[in-house]
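Working notes for the structure below.
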Amino acid sequence: GESVGLHLPTLSVQEGDNSIINCAYSNSASDYFIWYKQESGKGPQFIIDIRSNMDKRQGQRVTVLLNKTVKHLSLQIAATQPGDSAVYFCAENGDSWGKLQFGAGTQVVVTP
Amino acid sequence: DTEVTQTPKHLVMGMTNKKSLKCEQHMGHRAMYWYKQKAKKPPELMFVYSYEKLSINESVPSRFSPECPNSSLLNLHLHALQPEDSALYLCASSQDGGNQPQHFGDGTRLSIL
Numbered sequence: 073g074e075s076v077g078l079h080l081p082t083l084s085v086q087e088g089d090n091s092i093i094n095c096a097y098s099n100s101a102s103d104y105f106i107w108y109k110q111e112s113g114k115g116p117q118f119i120i121d122i123r124s125n126m127d128k129r130q131g132q133r134v135t136v137l138l139n140k141t142v143k144h145l146s147l148q149i150a151a152t153q154p155g156d157s158a159v160y161f162c163a164e165n166g167d168s169w170g171k172l173q174f175g176a177g178t179q180v181v182v183t184p
Numbered sequence: 826d827t828e829v830t831q832t833p834k835h836l837v838m839g840m841t842n843k844k845s846l847k848c849e850q851h852m853g854h855r856a857m858y859w860y861k862q863k864a865k866k867p868p869e870l871m872f873v874y875s876y877e878k879l880s881i882n883e884s885v886p887s888r889f890s891p892e893c894p895n896s897s898l899l900n901l902h903l904h905a906l907q908p909e910d911s912a913l914y915l916c917a918s919s920q921d922g923g924n925q926p927q928h929f930g931d932g933t934r935l936s937i938l
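Residue numbers (our numbering), protein chains in the order written: chain F, 73 to 184; chain H, 826 to 938.
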């Protein structure tokens with residue numbers, strides 16, 4: 073079946089640098105994408121979403137980029153802070169209404 | 826703090842026990858979800874309720890029984906679970922189940938002895 077996946081399982085970033093987390097998706101029919109942050113012992117926390125009629129959306133210190141041509145999604149975090157250390161999941165709307173299909177996740181480790 | 830509240834935070838039960846997980850949201854959302862998450866894995870959808878009706882059951886074994894008493898509450902009844910059912914059980918809600926963010930609780934950590 074089609075799936076959402078991530079290129080890198082672990083990303084080490086120096087504090088203050090920018091982070092880029094990548095996600096590949098294979099379902100060309102997907103029209104809604106979302107990024108979550110999950111800290112240890114917590115549930116996934118909504119970061120930002122984007123619909124397929126857009127290619128970029130910005131939030132507070134975060135930017136999501138969508139490239140439908142190559143089916144690629146990325147999350148950019150500006151000036152990464154220790155509190156950004158977490159697992160980040162991308163997700164796309166699945167084959168049923170109301171269903172989200174999650175990628176495998178990327179562990180982001182922020183080093184001083 | 827999340828706006829989706831799950832209780833209990835931790836639960837240890839034997840394979841013959843019956844227990845229930847509870848989830849509550851007061852955001853006026855009309856879609857609610859149960860997910861199972863194993864360590865270092867993404868959440869896996871189990872059930873979706875939309876307007877208090879079960880709309881998706883992802884072929885979940887019958888030892889898991891969901892219930893949606895009203896638009897704010899979601900329960901997951903557990904009976905005769907197996908050790909492999911040990912996991913983090915997450916509840917989420919969204920406005921009406923379409924292309925909107927799902928908001929998650931912090932989950933119930935379930936251990937089956």
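We put the CB at the ideal spot given by N, CA and C, even for glycine.
- Counted as a single uninterrupted DSSP element, the beta strand (DSSP E) harbouring residue 108 of chain F occupies residues 104 to 110.
- Three or more Cβ pairs closer than 8 Å define a contact, and the region 827 to 840 of chain H falls short of that threshold against the region 83 to 98 of chain F.
- Residues of the region 869 to 899 of chain H whose Cβ lies closer than 7 Å to any Cβ of chain F, in chain order: 870, 873, 875, 880 and 881.
- It is roughly 23 Å from the alpha-carbon of residue 171 of chain F to the alpha-carbon of residue 141 of chain F.
- For residue 931 of chain H, the closest Cβ of chain F is nearer than 9 Å.
- When secondary structure is reduced to three states using DSSP, residue 156 of chain F falls in the helix class.
- Taking 9 Å as the CB threshold, residue 127 of chain F stays off the interface with chain H.
- Between residue 903 of chain H and residue 890 of chain H, the gap from beta carbon to beta carbon is short of 9 Å.
- Residue 127 of chain F and residue 135 of chain F have their alpha carbons spaced roughly 10 Å apart.
- Residues 845, 846, 859, 889, 891 and 914 of the same chain have their beta carbon placed closer than 7 Å to that of residue 901 of chain H, with the five preceding and five following residues left out of the count.
- The beta-carbon of residue 114 of chain F is placed less than 9 Å from the nearest beta-carbon of chain H.
- Residue 837 of chain H is classed as exposed because its beta carbon has fewer than 16 other beta carbons within 10 Å across all chains shown.
- Against chain H, the CB of residue 171 of chain F has a partner CB under 9 Å away; the residue lies at that interface.
- Annotation: the region 838 to 925 of chain H contains no complete segment of the alpha helix (DSSP H) (minimum length 4 residues).
- Take the alpha-carbon of residue 175 of chain F and the one of residue 162 of chain F: they are about 5 Å apart.
- Here residue 121 of chain F is bridged, per DSSP, to F/106.
- Annotated three-state conformation of residue 834 of chain H is coil, per DSSP.
- Interface annotation, residue 97 of chain F: not in contact with chain H, CB-CB separation never under 9 Å.
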